[in-house]
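Residue numbers (our numbering), protein chains in the order written: chain A, 17 to 233; chain B, 17 to 233.
Glycine included, each C-beta is placed from N, C-alpha and C at the ideal position.
Protein chains: 2
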Amino acid sequence: MTITITAFERSPDGGKGLARDTRVRWALEEVGQPYEVRLVSFAAMKQPAHLALHPFGQIPTFEEDDLSLFETGAIVFHIAQRHAGLLPDDANGRARAITWMFAALNTVEPAVFELVTVRIIEGDKPWSKERLPLVEARIHERLKQLSARLGDADWLDGAFSAGDLMMVSVLLRLKPSGLLAGYPNLAAYVARGEARPAYQRAFAAQLAVNTGKSAAG
Amino acid sequence: MTITITAFERSPDGGKGLARDTRVRWALEEVGQPYEVRLVSFAAMKQPAHLALHPFGQIPTFEEDDLSLFETGAIVFHIAQRHAGLLPDDANGRARAITWMFAALNTVEPAVFELVTVRIIEGDKPWSKERLPLVEARIHERLKQLSARLGDADWLDGAFSAGDLMMVSVLLRLKPSGLLAGYPNLAAYVARGEARPAYQRAFAAQLAVNTGKSAAG
Numbered sequence: 017m018t019i020t021i022t023a024f025e026r027s028p029d030g031g032k033g034l035a036r037d038t039r040v041r042w043a044l045e046e047v048g049q050p051y052e053v054r055l056v057s058f059a060a061m062k063q064p065a066h067l068a069l070h071p072f073g074q075i076p077t078f079e080e081d082d083l084s085l086f087e088t089g090a091i092v093f094h095i096a097q098r099h100a101g102l103l104p105d106d107a108n109g110r111a112r113a114i115t116w117m118f119a120a121l122n123t124v125e126p127a128v129f130e131l132v133t134v135r136i137i138e139g140d141k142p143w144s145k146e147r148l149p150l151v152e153a154r155i156h157e158r159l160k161q162l163s164a165r166l167g168d169a170d171w172l173d174g175a176f177s178a179g180d181l182m183m184v185s186v187l188l189r190l191k192p193s194g195l196l197a198g199y200p201n202l203a204a205y206v207a208r209g210e211a212r213p214a215y216q217r218a219f220a221a222q223l224a225v226n227t228g229k230s231a232a233g
Numbered sequence: 017m018t019i020t021i022t023a024f025e026r027s028p029d030g031g032k033g034l035a036r037d038t039r040v041r042w043a044l045e046e047v048g049q050p051y052e053v054r055l056v057s058f059a060a061m062k063q064p065a066h067l068a069l070h071p072f073g074q075i076p077t078f079e080e081d082d083l084s085l086f087e088t089g090a091i092v093f094h095i096a097q098r099h100a101g102l103l104p105d106d107a108n109g110r111a112r113a114i115t116w117m118f119a120a121l122n123t124v125e126p127a128v129f130e131l132v133t134v135r136i137i138e139g140d141k142p143w144s145k146e147r148l149p150l151v152e153a154r155i156h157e158r159l160k161q162l163s164a165r166l167g168d169a170d171w172l173d174g175a176f177s178a179g180d181l182m183m184v185s186v187l188l189r190l191k192p193s194g195l196l197a198g199y200p201n202l203a204a205y206v207a208r209g210e211a212r213p214a215y216q217r218a219f220a221a222q223l224a225v226n227t228g229k230s231a232a233g
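What follows is the structure in structure tokens.
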């Protein structure tokens with residue numbers, strides 16, 4: 017019955033918590049499920065053994081008994097379905113929390129990820145500098161809408177849910193850019209997520225892998 | 017108990033089935049649930065009445081009794097959870113089908129959507145032509161991986177599921193580009209999806225809105 021997830025042997029962010037295993041670790045910490053981690057190198061991620069678990073050659077994956085899953089959203093959803101703590105009890109509330117998971121991953125994250133494309137993946141291209149404001153404008157459109165919906169609430173729909181876990185995780189990618197600064201309620205929302213003990217434990221665990229320090233160190 | 021969804025009054029694609037209401041219509045047709053459609057103009061989508069339903073000012077939305085949802089993935093998932101026909105009965109099979117929904121929306125669609133960005137949204141920019149091959153290469157990476165996983169199976173994991181509905185819907189966006197041509201098994205997979213009677217009914221219904229013809233016309 018042991019849960020095993022995979023994570024980068026060396027995360028491209030050096031342990032800033034942006035690799036997607038942090039989302040799965042956070043979910044497991046919220047529901048109080050212990051887990052083991054198998055570290056995978058970039059080379060191993062593209063080999064048949066890992067591709068059998070994850071057809072797109074990425075991390076994280078999730079294994080428990082005879083079930084193996086890939087795709088962060090699906091893994092977090094699976095954890096939230098099986099264990100109390102990440103979804104409300106009533107059916108309509110659950111449906112709305114799940115809506116925010118999909119919104120984080122399919123409406124907000126694609127815009128946010130473009131910042132990585134324009135700055136890093138295409139950072140050496142002649143159009144990178146001129147393209148950046150267009151990418152930022154699309155992110156601002158989403159942030160403005162999300163900020164308007166959140167208002168002065170603590171979380172997106174009642175109590176903290178898997179929807180908030182995913183949305184905070186997506187917004188965390190923007191922290192280094194400073195783009196959240198114009199939206200004090202979103203910055204506070206992200207800070208509330210980061211302050212959760214379960215997030216703290218997840219962050220410490222991924223940092224320990226990437227710095228070689230223990231979680232307490 | 018009537019289900020009401022929203023759709024574009026005039027779809028940007030003129031009825032080619034790429035607007036996201038087609039995905040929801042398809043799901044409702046697969047499970048045999050009747051529904052009503054409220055058409056929304058571009059101007060109305062950004063007004064408070066619609067933003068109350070959809071914080072990002074998009075279509076489709078879903079309303080039934082006192083539940084209102086937005087975000088295509090969440091709506092299709094909700095339909096699949098409540099009605100038989102889109103998810104397997106066994107828990108592990110369901111988790112894997114849901115994995116393919118998230119994979120379609122968070123791993124494959126962002127790469128595919130970049131084709132719209134580079135060709136249309138930034139089609140008048142000086143970098144558009146030079147950037148196109150980079151965007152196409154990222155799509156090919158995903159298609160190659162997906163093609164390898166699908167192999168000669170009919171569907172991604174056993175019987176047709178909401179995961180296939182979503183993946184076929186995402187790949188349909190590539191049809192006009194010709195990018196699927198190098199992957200005969202993916203092209204056949206998409207064709208199998210399009211051949212389903214439920215898809216045919218969904219396609220006809222959205223086309224009728226955009227051409228003013230009846231579904232039979």
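- With fewer than 16 neighbouring CB atoms inside 10 Å of its own CB, Gln63(A) falls in the exposed class.
- Taking a C-beta cut-off of 8 Å against chain A, none of the residues of the region 48-59 of chain B qualify.
- Within chain A, the residues placing a beta-carbon under 8 Å from that of Glu138(B) are Arg147, Leu150, ordered along the chain.
- Counting only the Cα atoms, Val132(A) lies some 17 Å from Glu152(B).
- Val128(B) is the residue among Ala204(B), Val128(B), Leu103(B), Asp168(B) whose C-alpha sits nearest the C-alpha of Arg154(B).
- Listed as beta-bridge partners of Ile19(B) by DSSP are Glu80(B).
- The three-state secondary structure of Val134(B), taken from DSSP, is helix.
- As the crow flies, the alpha-carbon of Phe58(A) is around 47 Å from that of Ser57(B).
- Distances from the alpha-carbon of Ile95(A) to those of Gly31(A), Gly228(A), Thr20(A) put Thr20(A) closest.
- Contact check for Thr88(A) against Arg39(A) passes: the beta carbons are separated by less than 9 Å.
- Sequence-ordered contacts of the region 31-45 of chain A with chain B are nonexistent [C-beta pairs closer than 7 Å].
- Per DSSP, the continuous beta strand (DSSP E) segment holding Val53(A) begins and ends at 52-56.
- For Gly209(B), the enclosing alpha helix (DSSP H) starts and ends at 200-211.
- Ranked by Cα distance from Ser84(A), the options Asn108(B), Ile75(B), Pro104(B) are led by Asn108(B).
- Straight-line spacing of the CA atoms in Asp168(B) and Lys160(B) works out to 14 Å.
- For a Cβ distance threshold of 9 Å, residue set Ala119, Thr123, Val124, Glu157, Arg158, Gln161, Leu162, Arg165 of chain B lies close to Phe72(A), ordered along the chain.
- Contact annotation: Asn201(A) and Leu166(A) have beta-carbon atoms nearer than 9 Å.
- Secondary structure note for Lys191(A): it is in no alpha helix (DSSP H), with a DSSP letter that is neither H nor E.
- Neighbours of His94(A) across chain B, judged by C-beta separation under 7 Å: Ala111.
- When rounded, the separation of the alpha-carbon atoms in Ile75(B) and Gly209(B) is 22 Å.
- Nearest CB-CB separation between Trp171(A) and chain B: not below the 9 Å threshold.
- Excluding the 5 residues flanking it on each side, Gly33(B) has same chain C-beta neighbours closer than 8 Å at Leu188, Ala218, Phe219, Gln222, Leu223, in chain order.
- Here the alpha carbons of Ala211(B) and Trp42(A) stand approximately 42 Å from one another.
- By the rule that beta-carbons nearer than 9 Å mark a contact, Ala90(A) touches chain B.
- Under the criterion of beta carbons closer than 8 Å, Phe93(B) and His70(B) do not qualify as touching, at roughly 16 Å.
- Leu103(A) sits in coil when the DSSP states are folded into three classes, being neither helix nor strand.
- Closest in C-alpha terms to Asp37(A), from the list Val186(A), Ile136(A), Gly194(A), Lys141(A), comes Val186(A).
- Following the DSSP letters along the chain, one finds Gln97(B) inside the alpha helix (DSSP H) bounded by residues 88-98.
- Scanning its chain for C-beta atoms nearer than 7 Å, with the 5 sequence neighbours on each side dropped, one finds around Gly174(B) the residues Pro104, Gly109, in chain order.
- Looking at Trp143(B), Trp116(B), Ala35(B), the one whose alpha-carbon comes closest to that of Thr77(B) is Ala35(B).
- For Ser177(B), the number of other beta carbons within 10 angstroms of its own is at least 16, and it is reported as buried.
- Our two residues, Arg54(B) and Pro28(B), have alpha carbons roughly 17 Å apart in a direct line.
- For Glu46(A), the enclosing alpha helix (DSSP H) begins and ends at 37-46.
- The CB of Ile114(A) comes closer than 7 Å to the CB of Ala90, Phe93 in chain B, given here in chain order.
- Here Asp180(A) is buried, its C-beta having at least 16 other C-beta atoms within 10 Å.
- Note on geometry: alpha-carbon atoms of Gly30(A) and Val134(A) lie some 20 Å from one another.
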